[in-house]
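Inspection log for the structure reproduced underneath, given as structure tokens.
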Amino acid sequence: MPRRLLHLAALLGLGLAACGDGQHAVDVRLVSTTSTVDSGLLDQILPAFEEDSGFRVQVIARGTGAALALGRAGEADVLLVHARDLEDTFVAEGHGAFRRDVMTNDFVLVGPREDPAGVREVRSVAEALTRIHSAEGSGFASRGDGSGTHLREQRLWKDAGLDATADPDYLELGVGMGGLIQAASEKQAYTLVDRGTWLRFRDRVDLELVFEGGPALLNPYGVILVSPERHALRNEKAARALVDWLVSPAGHRAIQGYRKHGMPLFRPTGGER
Amino acid sequence: MEFLLDGIREAWHLLLSGDGEVWHAAWITLLCSLTATSLAALLAVPYGAWLAVYRPRGHRLQAFLLRVGMFVPTIFIGVLVYGFVARRGPLGDLDLLFTRQAIIAGEFLLAFPILGTFAHGALTGSDRRPFETARTLGASHTRTLGLLILEVRTVLVGAWLMACARCFSELGISVTVGGNVRWETRTLSSTATLRIRQGDFAGGLALGMILLVLAVVVALAAHRLAREARR
Numbered sequence: 537m538p539r540r541l542l543h544l545a546a547l548l549g550l551g552l553a554a555c556g557d558g559q560h561a562v563d564v565r566l567v568s569t570t571s572t573v574d575s576g577l578l579d580q581i582l583p584a585f586e587e588d589s590g591f592r593v594q595v596i597a598r599g600t601g602a603a604l605a606l607g608r609a610g611e612a613d614v615l616l617v618h619a620r621d622l623e624d625t626f627v628a629e630g631h632g633a634f635r636r637d638v639m640t641n642d643f644v645l646v647g648p649r650e651d652p653a654g655v656r657e658v659r660s661v662a663e664a665l666t667r668i669h670s671a672e673g674s675g676f677a678s679r680g681d682g683s684g685t686h687l688r689e690q691r692l693w694k695d696a697g698l699d700a701t702a703d704p705d706y707l708e709l710g711v712g713m714g715g716l717i718q719a720a721s722e723k724q725a726y727t728l729v730d731r732g733t734w735l736r737f738r739d740r741v742d743l744e745l746v747f748e749g750g751p752a753l754l755n756p757y758g759v760i761l762v763s764p765e766r767h768a769l770r771n772e773k774a775a776r777a778l779v780d781w782l783v784s785p786a787g788h789r790a791i792q793g794y795r796k797h798g799m800p801l802f803r804p805t806g807g808e809r
Numbered sequence: 022m023e024f025l026l027d028g029i030r031e032a033w034h035l036l037l038s039g040d041g042e043v044w045h046a047a048w049i050t051l052l053c054s055l056t057a058t059s060l061a062a063l064l065a066v067p068y069g070a071w072l073a074v075y076r077p078r079g080h081r082l083q084a085f086l087l088r089v090g091m092f093v094p095t096i097f098i099g100v101l102v103y104g105f106v107a108r109r110g111p112l113g114d115l116d117l118l119f120t121r122q123a124i125i126a127g128e129f130l131l132a133f134p135i136l137g138t139f140a141h142g143a144l145t146g147s148d149r150r151p152f153e154t155a156r157t158l159g160a161s162h163t164r165t166l167g168l169l170i171l172e173v174r175t176v177l178v179g180a181w182l183m184a185c186a187r188c189f190s191e192l193g194i195s196v197t198v199g200g201n202v203r204w205e206t207r208t209l210s211s212t213a214t215l216r217i218r219q220g221d222f223a224g225g226l227a228l229g230m231i232l233l234v235l236a237v238v239v240a241l242a243a244h245r246l247a248r249e250a251r252r
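Residue numbers (the numbering used here), protein chains in the order written: chain A, 537 to 809; chain B, 22 to 252.
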């Protein structure tokens with residue numbers, strides 16, 4: 537019996553050891569948004585950075601609101617999010633050392649093919665939302681989770697002077713962007729989605745693009761270096777390297793190179809503050 | 022029906038073609054769950070046995086708490102562990118959030134009550150004679166406990182199998198404290214959730230199928246055990 541115990545202990549030791557390997561080699565914890573991660577961009581471009589720099593990046597996906605909360609809690613080294621107001625606040629509060637523009641894409645409105653609310657005819661997103669809001673039997677699916685997409689959606693309703701929740705067909709689901717598009721497809725509802733995620737899911741859902749364009753739908757992404765003075769970064773050099781790379785020509789090339797249906801999902805910007 | 026059948030066909034294809042992430046998820050699941058349940062067994066079984074045989078003060082309450090522990094939802098365990106290992110938590114300096122160790126810690130808490138309750142149940146109120154005989158013959162307390170545990174090992178292996186099954190399929194712990202980090206903390210359940218959310222139904226199904234196979238393996242082992250016990 538003692539021998540068996542020894543065997544078990546050895547196995548356990550191996551198990552625990554196997555669990556530790558490779559994990560402490562993480563140099564940068566990048567917390568990004570679910571839409572960015574779901575779009576597949578980071579899986580595509582980060583290996584290039586890792587090869588160039590020799591640093592390993594760990595990616596955690598959260599909604600923008602939750603990502604910033606993780607930053608405040610000292611759990612993140614670098615943030616890649618899309619809610620300019622919140623990003624600026626984050627830096628102003630001292631949690632972020634600085635923010636830089638990285639890339640943009642835009643939001644689009646998608647909805648059922650038959651377009652019961654007649655959104656295809658409108659000239660502005662405010663008009664589109666008004667029609668969806670008042671039309672019977674035309675639902676709207678919302679992220680409802682404090683994500684960048686959700687925050688923009690809320691701002692659009694506000695700018696249109698509407699109380700979204702007054703519409704009985706307004707649904708709030710906490711399932712991430714990919715999940716939301718599918719839910720909207722299942723329920724044949726309208727929804728706001730970033731173009732990157734839309735391009736990725738377009739062929740798999742029963743929805744069509746019904747409205748695009750205009751300054752209200754622009755979606756700029758920012759990268760924030762969590763302040764090394766406020767929080768203990770895993771590896772400050774590595775974190776700075778990642779931020780610098782994302783706004784460098786190499787980073788731009790990588791971002792530009794991520795395409796679906798021939799179109800880049802994100803347009804690189806930045807290079808200066 | 023087409024949707025489902027197509028999904029199954031695609032899933033099967035994914036499994037055979039060796040989708041790296043799918044099989045890696047299986048590996049992570051087995052690694053974390055087996056380590057956690059074995060650690061839990063090492064500690065919970067002697068504890069449960071000791072409670073049953075020596076009946077110390079408060080043994081009834083402890084036995085009850087063990088039983089309650091079996092029914093605690095995994096999301097609660099996940100949130101609890103998160104509270105401990107997050108930077109601001111008491112163990113924050115250990116940097117354990119979003120690691121496999123954190124998942125193991127949580128699954129340990131999941132498995133411990135199961136193994137403890139069964140060890141206790143197997144030895145409580147049972148025949149005192151083996152105990153008395155061993156002690157009379159001069160066996161130490163440790164040795165005695167060990168012998169009694171050995172006697173009921175069939176039940177304990179069954180409990181271990183059940184704890185494994187619980188850990189294989191849990192989601193509340195791995196997602197909350199594991200963070201679903203690619204190549205590191207994605208288990209079968211958490212990857213399946215991710216795949217479905219990303220619209221990859223076949224991928225989700227493939228992972229689910231592996232979980233099903235694991236369930237069958239565990240059930241077969243438990244079945245064999247039960248048969249042998251009856252002989």
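Even for Gly, the Cβ is constructed at its ideal location relative to N, Cα and C.
Computed from a predicted structure; not experimentally measured.
Provide the residue(s) that pair with residue i in DSSP beta bridges, ordered along the chain.
i	result
residue 708 of chain A	A:678
residue 760 of chain A	A:615 and A:635
residue 799 of chain A	A:796
residue 744 of chain A	A:647
residue 195 of chain B	Bridge partners of residue 195 of chain B: none, in fact.
residue 567 of chain A	A:596 and A:615
Any beta carbon of chain A sitting closer than 9 Å to that of residue i?
i	result
residue 119 of chain B	yes
residue 203 of chain B	yes
residue 109 of chain B	yes
residue 212 of chain B	no
residue 60 of chain B	yes
residue 56 of chain B	yes
residue 218 of chain B	yes
residue 69 of chain B	no
residue 63 of chain B	yes
residue 166 of chain B	no
residue 99 of chain B	no
If we count the other Cβ atoms within 10 Å of its Cβ and call it buried at 16 or more, is residue i buried or exposed?
i	result
residue 648 of chain A	buried
residue 619 of chain A	buried
residue 161 of chain B	exposed
residue 234 of chain B	exposed
residue 804 of chain A	buried
residue 180 of chain B	buried
residue 626 of chain A	buried
residue 591 of chain A	buried
When the Cα of residue i is compared with those of the options, which residue comes out closest?
i	options	result
residue 134 of chain B	B:67, B:198 and B:165	B:67
residue 549 of chain A	B:55, B:39, B:154 and B:45	B:55
residue 182 of chain B	B:242, B:224 and B:171	B:242
residue 152 of chain B	B:140, B:166, B:185 and B:201	B:166
residue 754 of chain A	A:624, A:794, A:761 and A:691	A:691
residue 246 of chain B	B:203, B:173, B:27 and B:190	B:173
residue 701 of chain A	A:752, A:675, A:794 and A:737	A:675
residue 169 of chain B	B:186, B:187, B:189 and B:146	B:146
residue 26 of chain B	B:226, B:36, B:73 and B:60	B:226
residue 721 of chain A	A:640, A:650, A:617 and A:591	A:650
residue 47 of chain B	B:244, B:92 and B:188	B:188
Under 9 Å between C-beta atoms, does residue i make it to chain B?
i	result
residue 794 of chain A	no
residue 836 of chain A	Absent from the model: residue 836 of chain A. The displayed extent of chain A is 537 to 809, so no value can be given.
residue 548 of chain A	yes
residue 717 of chain A	yes
residue 586 of chain A	no
residue 591 of chain A	no
residue 790 of chain A	no
residue 712 of chain A	yes
residue 579 of chain A	yes
Relative to the ligand HEM, is the shortest distance from any of its heavy atoms to the C-beta of residue i smaller than 8 Å?
i	result
residue 189 of chain B	In terms of ligand content, the structure shown is empty, and the ligand HEM therefore cannot be addressed.
So residue i contacts chain D; which residues on that side make the cut at Cβ distance below 8 Å?
i	result
residue 200 of chain B	Here the protein chains are A and B, and chain D is not one of them.
Inset, instruction - Evaluate the contact criterion for the region 585-599 of chain A versus the region 660-671 of chain A: three or more CB pairs, one atom per stretch, below 8 Å. - result: Touching, no.
Inset, instruction - Taking 8 Å as the threshold, find out whether the region 628-642 of chain A comes into contact with the region 699-706 of chain A through three or more Cβ pairs. - result: Counting Cβ pairs under 8 Å, fewer than three are found: no touch.
Inset, instruction - For the region 89-109 of chain B and the region 595-613 of chain A, state whether three or more C-beta atom pairs, one from each stretch, are separated by less than 8 Å. - result: Touching, yes, given that three or more Cβ pairs across the two stretches are closer than 8 Å.
Inset, instruction - Please determine if the region 567-579 of chain A and the region 677-690 of chain A are in contact, where contact requires at least 3 C-beta pairs separated by less than 8 Å. - result: These segments touch.
Legend entry - Three or more C-beta pairs below 8 Å linking the region 792-800 of chain A and the region 729-749 of chain A: As far as the Cβ criterion goes, the region 792-800 of chain A touches the region 729-749 of chain A, which means the pair count is three or higher.
Inset, instruction - Specify whether the region 123-137 of chain B and the region 57-64 of chain B touch according to this definition: at least 3 beta carbon pairs, one from each stretch, less than 8 Å apart. - result: Contact holds: three or more Cβ-Cβ distances are below 8 Å.
Inset, instruction - Check whether the region 735-748 of chain A touches the region 637-646 of chain A, taking contact to mean three or more Cβ pairs, one atom from each stretch, closer than 8 Å. - result: Judged by Cβ distances under 8 Å, the region 735-748 of chain A makes contact with the region 637-646 of chain A, as three or more pairs qualify.
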